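In my numbering, the protein residues as written are 4 to 221.
Just so you know, even glycine gets a beta-carbon here, dropped at the ideal spot from N, CA and C.
Quantities reported herein were computed from a predicted structural model and do not represent experimental measurements.
Set out below in structure tokens:
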């Protein structure tokens, strides 16, 4: 797939998750809330067609297909080959290949840098949505999520001269700490401009409109 021909479609409004809110339900018998295995992705052949939960599949949204997880479940998917991570929402069934555990949208695959390989080893962690409670949204563009703090800090240093308010925010799940690289934006117009610039520079971007972004204290 030629990424240069794909229009910039900013990937929706992401929800913030509480590090302490991993459900007590054991989704994977004998494994708690963590599953490891192979992930694949699906794109243009299914774009615009109904998913298993009756939504219309949009390859530019952060969604995924799983064989058993309830629709609406949000999971953190980590590419074990490079440490990149992304949060996706389950809205479809699959993959229908015996050795694979999740089928990701094109948008999620691009964040995880797995479009080229097609199939990679991943870890899935179940997340639970935090209740919203702030009336004024905050904006940022997420450029990467890493299990390596050094990799996150390296990207922060690389982006800061051009984008200014770049920061790394840690996120603790029950199984792993993730280091998310984000660029702060003052409003919706600014976040759109930043995302378009980052995308033009070759970075996979995710726009976040969240109630409680972990901005560093001034």
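Short CB-CB distance (under 8 Å) between residue i and chain D
i, result
"residue 114", "Protein chains in the displayed structure number just one, and chain D is not present."
Rounded distance between the beta-carbons of residue j and residue i, thought under 8 Å
i, j, result
"residue 43", "residue 106", "5 Å"
"residue 184", "residue 171", "6 Å"
"residue 60", "residue 50", "6 Å"
"residue 101", "residue 65", "The Cβ separation is near 26 Å, so there is no contact."
"residue 114", "residue 209", "6 Å"
"residue 127", "residue 150", "About 14 Å; that fails the 8 Å criterion."
"residue 148", "residue 89", "6 Å"
"residue 124", "residue 158", "The pair is not a contact, with the Cβ atoms about 22 Å apart (cut-off 8 Å)."
Among the options, nearest to residue i - alpha-carbon criterion
i, options, result
"residue 63", "57, 126, 108, 84", "108"
"residue 188", "182, 54, 197", "197"
"residue 166", "37, 128, 186, 93", "186"
"residue 98", "180, 118, 41", "41"
"residue 143", "161, 74, 168, 84", "168"
"residue 74", "130, 153, 178", "130"
"residue 38", "181, 45, 81", "81"
"residue 79", "36, 56, 199", "36"
"residue 203", "146, 47, 87, 45", "146"
"residue 161", "87, 206, 175, 122", "206"
"residue 87", "180, 211, 199", "180"
Those residues which DSSP pairs with residue i across a bridge
i, result
"residue 231", "Summary: the structure shown does not reach residue 231, with the chain confined to residues 4 through 221, and so no result is reported for it."
"residue 172", "183"
"residue 66", "92"
"residue 145", "185, 209"
"residue 53", "59"
"residue 166", "Partner(s): none; residue 166 has no beta bridge."
"residue 87", "149"
"residue 273", "Nothing can be reported for residue 273, as the shown portion of the chain is limited to 4 through 221."
Beta-carbon contacts of residue i that lie in its chain and below 6 Å, excluding the five residues immediately before and after
i, result
"residue 118", "112"
"residue 182", "149, 152, 155, 171, 173"
"residue 54", "60, 94, 95"
"residue 92", "66, 77"
"residue 58", "94"
"residue 122", "41, 43"
"residue 52", "60"
"residue 45", "106"
"residue 56", "74, 94"
Neighbourhood of residue i by C-beta distance below 7 Å, restricted to the same chain and skipping five residues each side
i, result
"residue 190", "142"
"residue 120", "none"
"residue 85", "116"
"residue 220", "Only weak support exists for where residue 220 lies, its pLDDT of 45 falling under 50; the coordinates are left without a value."
"residue 163", "169"
"residue 47", "62"
Nonlocal neighbours in the same chain, by C-beta distance under 8 Å from residue i, ignoring five residues either side
i, result
"residue 192", "none"
"residue 72", "30, 78, 93, 129"
heavy atom of the ligand SAM below 7 Å from residue i C-beta
i, result
"residue 205", "Ligands in the displayed structure: none, and consequently the ligand SAM is not present."
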